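Just so we're aligned, residue 627 is where the sequence shown starts under this note's numbering, counting upward by one.
Virtual Cβ for every residue (Gly too), placed ideally from N, Cα, C.
Nothing here was measured: the structure is a model prediction, and the numbers come from that model.
Data block below; observations after.
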Amino acid sequence: MHDHERCLSRGPVVLVVEDDLSITRMIIEELQDHGFTVIAAQSADDAVHILNGGARVDIVFSDIQMPGRMTGIDLAHHVRKSAPTVPVILTSGRATAFADTPMVAFISKPYAAADVVRALRNFLPLQTPPISAAKIRP
627 MHDHERCLSR GPVVLVVEDD LSITRMIIEE LQDHGFTVIA AQSADDAVHI
677 LNGGARVDIV FSDIQMPGRM TGIDLAHHVR KSAPTVPVIL TSGRATAFAD
727 TPMVAFISKP YAAADVVRAL RNFLPLQTPP ISAAKIRP
């Protein structure tokens with residue numbers, strides 16, 4: 627079992643794609659504090675590998691400019707083709723034209739972690755908490 631598969635049973639699963647480790651740590655902590663399960667990737671290339679490996683992902687939150695062959699915009703196009711119901715939220719500290727980009731939303735850097743949490747919740751269906759087996763009676 628892969629590390630990213632172990633965490634899939636908790637809250638909504640967010641694939642966070644960010645090459646800046648300090649930002650990654652901050653956003654992971656905030657998302658986990660709000661009940662999200664987080665899978666982290668340091669590049670769009672890594673994110674595609676995770677997605678193609680069968681990980682269940684409910685939403686993607688990705689930086690646009692990262693090292694590697696792909697950008698966050700390329701990743702958004704990949705997600706649209708392979709999993710069209712998975713929302714993608716892109717972020718960048720640079721003003722860029724996003725014509726014809728299949729993104730759900732854009733959050734400008736620097737951002738407050740609470741803004742990311744709010745955006746993720748806006749694009750995810752309401753989550754029903756799992757029923758404990760102890761509460762089910764025959």
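*Could you tell me which residues DSSP puts in a beta bridge with V686?*
As a working note, residue 686 is residue 60 in the sequence shown. For V686, DSSP records a beta bridge to L641, V714.
*Top-ranked residue by Cα proximity to I665, from D671, V643, G680*: As a first step, residue 665 is located in the sequence shown; it is residue number 39 there, counting from the start. Looking from the CA of I665, the closest CA among D671, V643, G680 belongs to V643.
_Sequence-distant residues of its chain with Cβ nearer than 6 Å to D629 (five each side left out)_ = On the sequence shown, position 3 is the one that residue 629 refers to. Below a pLDDT of 50, predicted positions are generally treated as unreliable, and D629, at 43, falls in that range; the measurement from the model is reported next regardless. Beyond the five residues adjoining it in sequence on each side, D629 comes within less than 6 Å, by CB distance, of no other residue in the same chain.
*Under 8 Å between the Cβ atoms of L750 and I676?*
The residue given as residue 750 occupies position 124 in the sequence shown. The residue given as residue 676 occupies position 50 in the sequence shown. Not a contact, by the Cβ cut-off of 8 Å.
*Touching by the beta-carbon criterion (3+ pairs, under 8 Å), the segment 694 to 712 and the segment 660 to 674*: They touch, by the three-pair rule.
*Would you call the CB atoms of I733 and T717 closer than 8 Å?*
To locate residue 733, count along the sequence shown from 1; it is residue 107. To locate residue 717, count along the sequence shown from 1; it is residue 91. I733 places its beta carbon less than 8 Å from that of T717.
*Going by other Cβ atoms of all chains shown within 10 Å of its Cβ, with 16 needed for buried, is K638 buried or exposed?*
What you label residue 638 is simply residue 12 of the sequence shown in a count that begins at 1. Strictly speaking, residue 638 in this sequence is Pro, with Lys absent from that position. Under this definition P638 is a buried residue.
*Could you give the distance in angstroms between the alpha-carbon of P736 and the alpha-carbon of Q691?*
The residue given as residue 736 occupies position 110 in the sequence shown. The residue given as residue 691 occupies position 65 in the sequence shown. CA-CA distance, P736 to Q691, rounds to 14 Å.
*Classify F732 as helix, strand or coil using the three-state DSSP reduction.*
Taking the first residue of the sequence shown as 1, we reach residue 732 at position 106. Three-state result, F732: strand.
_If the criterion is Cβ atoms closer than 8 Å, does the pair I649 and F687 meet it?_
Numbered from its first residue, the sequence shown carries residue 649 at position 23. Numbered from its first residue, the sequence shown carries residue 687 at position 61. A distance of 8 Å or more separates the beta carbons of I649 and F687.
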